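Colleague: For the sequence shown, this note's numbering assigns the number 104 to the initial residue and increments by one for each residue that follows. Don't be surprised by glycine CBs; every beta carbon is placed ideally from N, CA and C. None of the values given here were measured: they were computed from a predicted structure.
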Amino acid sequence: MDVRSPSNVKLSNSVQPKKLLLSKWTAVQRVGKEKHFLVCKLHWPEASEEKLEWVEIEAVYSQVSRRIAWRDLKDGNLWQRGWI
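Pasting the structure below:
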């Protein structure tokens, strides 16, 4: 029998880079005192053939922005899609 604790389970969010702008996210662990965020900007490299690198997320309550790697949003142990 395979028993897994929640910390051992790898959760994954389905994320499409072109649909990230203005998407809503909830931090699993609060970031500062913030929990709800909105993707407000996408950072594409200078060369158009390259892929998305960073997103800028804005805290809903304080409007403080921070830059994170967009792939971090795929980690279900860190982020959940929508405002929960």
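Within the continuous beta strand (DSSP E) that includes E156, where are the two ends?
Modeller: For the purposes of this step, residue 156 is taken as residue 53 along the sequence shown, with counting starting at 1. That residue, E156, is in no beta strand (DSSP E); it is neither H nor E in DSSP.
Colleague: Let's see if you can read the secondary structure: which residues bound the beta strand (DSSP E) around Q183?
Modeller: Numbered from its first residue, the sequence shown carries residue 183 at position 80. Q183 -> beta strand (DSSP E) spans 182 to 184.
Colleague: Report yes if the C-beta distance between L141 and W147 is below 8 Å; otherwise report no.
Modeller: Within the sequence shown, the letter at position 38 stands for residue 141. Within the sequence shown, the letter at position 44 stands for residue 147. Contact: no.
Colleague: Return the bridge partner residues of K127 from the DSSP annotation.
Modeller: Locating residue 127 in the sequence shown gives position 24, where the first residue counts as 1. In DSSP, K127 forms a bridge with L141.
Colleague: Give the single residue among K122, H139, N180 whose Cα lies nearest to the Cα of A162.
Modeller: Position 59 of the sequence shown, counted from the start, is the residue given in the question as residue 162. For the residues K122, H139, N180, the minimum Cα distance to A162 belongs to H139.
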